[in-house]
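Participant:
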Amino acid sequence: MSDYLPHEVERDILLSLPVKSLIRFRCVSKSCNSLITSSDFIDSHLTRSHSLPSNSNSNNTLIVRDFASKPNVQQYRLFHNDSFDRTEHLEFPLTTRRRSRIHKCMFIGYVNGLFCLYEKERFILCNPSIRKCIILPKHCIKIKTDGNVQCHSAFGFDSRTNDYKVVIIALPDNPYYMKKKPTLVEVYSLSEGSWKMIDASTSFPPNIRFNGYKCPAASLNGAIHFTVQVMPNSNESAFLSFDLRDEVFHVISLPDSIATHGWINASVFRGSLSVICERHTPSKCSIWVMKEYGVVDSWTEQFTFYHSGGYLSVIGLRKNGHVLMKDIESILPEGMFHFFKKENMELDLLPSYMLSSYDPDSQQFKNLGSVGKALQCVDNYTENLVLLRKPNDAVSRKGVSRKRKCR
């Protein structure tokens, strides 16, 4: 190809192609393969994907995570448009098929098309676009702890250093012991390929308690954001951010009108840090946006909407600004939802969730259809070439142990 086209034109053409086509084009020539696998090309391709309009076909794909009923395993599916008539299953060769171990594979986070999962005392990074997984070296902090320790993991991306990082935070469950026992923080850097322990004693706030409902942390501006409670008043919510480059913690206060009311979760709305605040009496949802990152006074209520009928729960925000919700009661006879919960009935006996969206511009709801038996989360999917330069690990169900020294 380079014999007939200037290098710059060839590069621009390749940058406009989807990932699957680029993988095939690697076989065209050595020069083509060298170009596609270069770090500069991989970064430029991801930047172009983010720059596409939110309503474009390439930027309008949803990834839905739920549990299949037969067999009962975690699964990921892509929906390429709102009508859900184009679906695609993503294969991850790491979830077990044994019913008793459904929850052994934990979803840690998702950034730029890259997944971070945890299974059998190992972290795994997966890029289904190029069918590649890598197993991270063994970490020092034990995820399985006794009841006296909280352990939280997160996955984020720092565009300033162009690095993906996995973070483990372990702290005493009882605030009384926080002064006696140090908070442990361990960080894995994909670019360095190793873990290191962080001294969090100077920046981790002593009056913070993690939210018991473990939602994936929001990654934005080179930091990850957790939803936490401020002690001693556990009803007051805030965001705890961890800067992935400077490796320090900061507390971000929330607006007074929502900090002590409703269910709070950190998210990203049209490129800004946002708060999803839900109240179920009455059924109300508010979206707040931090107009200037890091400036508490810039919190602004973006919009609020009410919904009636069955129990709705917000599970994500789309790039076009639409709010995604799941609903189970609306497809069950009256009172049956609580019966399923009370009796702890088998997953395959449950009906599917209904997925719906709310458009804040038109103030209209739209039913997107039935999705999954145990819907976990919905996010915007982005294809990329991250991990293309890394060797592919064969992920077995027996687990992998790698020894290394903690720094």
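Okay, so the sequence shown: first residue is 277 according to this note's numbering, each after it adds one.
Idealized CB from N, CA, C, for every residue including glycine.
#1: Among 631, 418, 289, 424, which one has its Cα closest to the Cα of residue 485?
#2: Alpha carbon to alpha carbon, how far is residue 666 from residue 512?
#3: Buried or exposed, going by whether 16 or more other CB atoms sit within 10 Å of the CB of residue 506?
#4: Closer than 6 Å by C-beta to residue 659: which residues in its own chain qualify, once you throw out the five before and the five after it? Chain order, please.
#5: Check whether the stretch 592–602 and the stretch 629–647 touch, using three or more Cβ-Cβ pairs below 8 Å as the test.
#6: What residue does the alpha helix (DSSP H) around residue 324 start on, and which one ends it?
#7: Can you tell which of 416, 352, 563, 496 has its C-alpha closest to the C-alpha of residue 474?
#8: Which residues does DSSP pair with residue 501 in a beta bridge?
#9: Kindly give me the distance between the Cβ atoms of residue 583 and residue 559, rounded to whole angstroms, as I take these residues to be in contact under 8 Å.
#10: Sort out for me which residues DSSP pairs residue 528 with in a bridge.
#11: Tell me which residue opens and which closes the beta strand (DSSP E) that residue 461 is part of.
#12: Report the option in 354, 518, 571 whose CA atom is closest to the CA atom of residue 478.
#13: My assumption, with CB atoms under 8 Å, is that residue 520 sits in contact with residue 499. Please give the rounded CB distance.
#14: Measure the C-alpha to C-alpha separation of residue 385 and residue 662 and round it to an integer number of angstroms.
#15: Can you check which of these residues, 326, 522, 290, is closest to residue 310 by C-alpha distance?
#16: Is it true that the CB of residue 545 sits closer than 7 Å to the CB of residue 593?
#17: When we look at the beta-carbon of residue 567 and count the other beta-carbons within 10 Å, is it buried (16 or more) or exposed?
#18: For residue 285, count neighbouring Cβ atoms within 10 angstroms of its own Cβ and tell me buried if that reaches 16, exposed if not.
#19: Distance check for residue 483 and residue 407, CA to CA, integer angstroms please.
#20: With a threshold of 6 Å on Cβ separation, who are the neighbours of residue 281 within its own chain once the five nearest residues in sequence on each side are excluded?
#21: Where does residue 288 sit, in a helix, a strand or coil, going by DSSP?
#22: Could you give the first and the last residue of the continuous alpha helix (DSSP H) run that contains residue 567?
#23: Could you give the DSSP three-state label for residue 415: helix, strand or coil?
#24: Rounding to the nearest angstrom, what Cα-Cα distance links residue 434 and residue 441 in this structure?
#25: Kindly list the residues whose CB is nearer than 8 Å to the CB of residue 298, restricted to its own chain and excluding five residues on each side of it in sequence; keep chain order.
#26: If I follow the unbroken alpha helix (DSSP H) through residue 300, where does it start and stop?
#27: Between the C-alpha atoms of residue 555 and residue 340, what's the straight-line distance to the nearest angstrom?
#28: Would you say the beta carbon of residue 436 is closer than 6 Å to some non-hydrogen atom of the ligand PLP?
#29: Could you check where the beta strand (DSSP E) with residue 402 kicks off and where it finishes?
#30: How many angstroms separate the CA atom of residue 613 from the CA atom of residue 410?
#31: For residue 655, is the classification buried or exposed, using 16 other Cβ atoms within 10 angstroms of its Cβ as the cut-off for buried?
#32: Distance, Cα to Cα, residue 355 vs residue 591?
#33: May I ask you to report which of helix, strand or coil DSSP gives residue 637?
#34: Restricting to Cα atoms, I'd like to know which of 497, 464, 492 is closest to residue 436.
#35: From the DSSP output, which residues share a beta bridge with residue 353?
#36: Taking the alpha-carbon of residue 487 as reference, which of 427, 471, 465, 439 has the nearest alpha-carbon?
Facilitator: This is what the structure holds:
#1: 424
#2: 43 Å
#3: buried
#4: 295, 389, 405
#5: yes
#6: 315–327
#7: 416
#8: 494, 517
#9: 5 Å
#10: 515
#11: 460–465
#12: 518
#13: 6 Å
#14: 15 Å
#15: 290
#16: yes
#17: exposed
#18: exposed
#19: 43 Å
#20: none
#21: helix
#22: Run containing residue 567: none; DSSP gives neither H nor E here.
#23: coil
#24: 8 Å
#25: 290, 312, 321, 661
#26: 295–301
#27: 24 Å
#28: This structure simply doesn't include the ligand PLP, nor any ligand for that matter.
#29: 399–403
#30: Its pLDDT being 43, under 50, residue 613 is placed unreliably in this model, and the value from its coordinates should be taken loosely. Taking the straight line joining both Cα atoms gives about 40 Å.
#31: buried
#32: 16 Å
#33: coil
#34: 497
#35: 340, 365
#36: 427
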